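Here the sequence shown stands for residues 1 to 270, numbered as in full-length UniProt numbering.
What follows is a short report on a single structure.
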Amino acid sequence: MTALLHLSHVTKVYRQGGMLGRRLITAVKDVSFEVGAEPEILSIVGESGSGKSTIAAMILGQTTPTEGRLEFSGKTVSIHSRSERKAFMKEVQPVLQNPFEAFNPLKRVDRYLFETARNLPGPGKRIDRKEAERMADAALVHVGLTLEEVKGRFPHELSGGQLQRVAIARALIPQPRLLVADEPVSMVDASLRMAIVNLFGRLKNELGLSIIYITHDLATAYYVSDNIIIMRKGEIVERGQARPVLDNPQHPYSRALKEAVLAADFAPAL
């Protein structure tokens, strides 16, 4: 079966500075991996500057690789028009780090959900208000909320955890096959992080959804991931099934990351 997502020898180089002081920065170097046809959660783990967010941007079509090939469902990711982006975003949806930055503080959150639903049809098709509300409510139920709970409310009237759930619900409305979640719990209160992580596991199982979970947090990656990639300075240093890799890391950088986490975070209860 064709892999859902395939990266082959992908490199991303940025140019920084003016004409006289220009220099090249290699954010990602010769990275290859895939998300298979069956639903899975793949974690990409690394510290700031490891290249993991650049990989997310390339997967989402926000920037193009300098070298290499990136394919979704067997086709090269190449977005040159509004219609191409719309078609692609029905299949691949982002979940951002800070839910408070994803929503205009002066705009009611339900309007984002309704607009997402209405933007789905192709030319000549239309979704009315009642159907948009039904789609929004169905997506919210998947994340443990209802439309009644959020209807008419502004972002500041919801907690960080609730707002992140609304952001995830919005991403679910197009019924994508892949979520790209870039540090989705780093701005959420510590007491709620595992609830969001558990939600990703349920979405994989209930909706057959694959998720790329980008994080610096080894403990949540250990808990939720099927497979894991560990990155350092733009390169993959270790990969494999999450539990074996993190129980017995082989690369010195992987071992150092694990040693920086309290042993309790890797207790068997996880």
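Glycine included, each C-beta is placed from N, C-alpha and C at the ideal position.
Nothing here was measured: the structure is a model prediction, and the numbers come from that model.
Under the 10 Å beta carbon count, D182 is surrounded by 16 or more other beta carbons and is classified as buried. Counting only residues of its own chain and dropping the five nearest sequence neighbours on each side, Q16 has a CB closer than 6 Å to the CB of R23 and I25. For H6, DSSP records a beta bridge to E34 and E71. Counting only the Cα atoms, E259 lies some 45 Å from M135. With the rule of 3 Cβ pairs closer than 8 Å, the region 220-238 counts as touching the region 50-64.
R243 and H142 have their C-alpha atoms some 27 Å from each other. Boundaries of the alpha helix (DSSP H) around V109: V109 to R118.
Listed in chain order, the alpha helix (DSSP H) elements of length 4 or more contained wholly in the region 135-184 are 147-150 and 160-172. Using a Cβ distance threshold of 8 Å, P176 and K90 count as a contacting pair.
Judged by beta-carbon spacing, L218 lies beyond the 8 Å limit of V31, meaning their Cβ atoms are not closer than that value. If you draw a 10 Å sphere on the C-beta of L106, you find fewer than 16 other C-beta atoms in it, and that means exposed.
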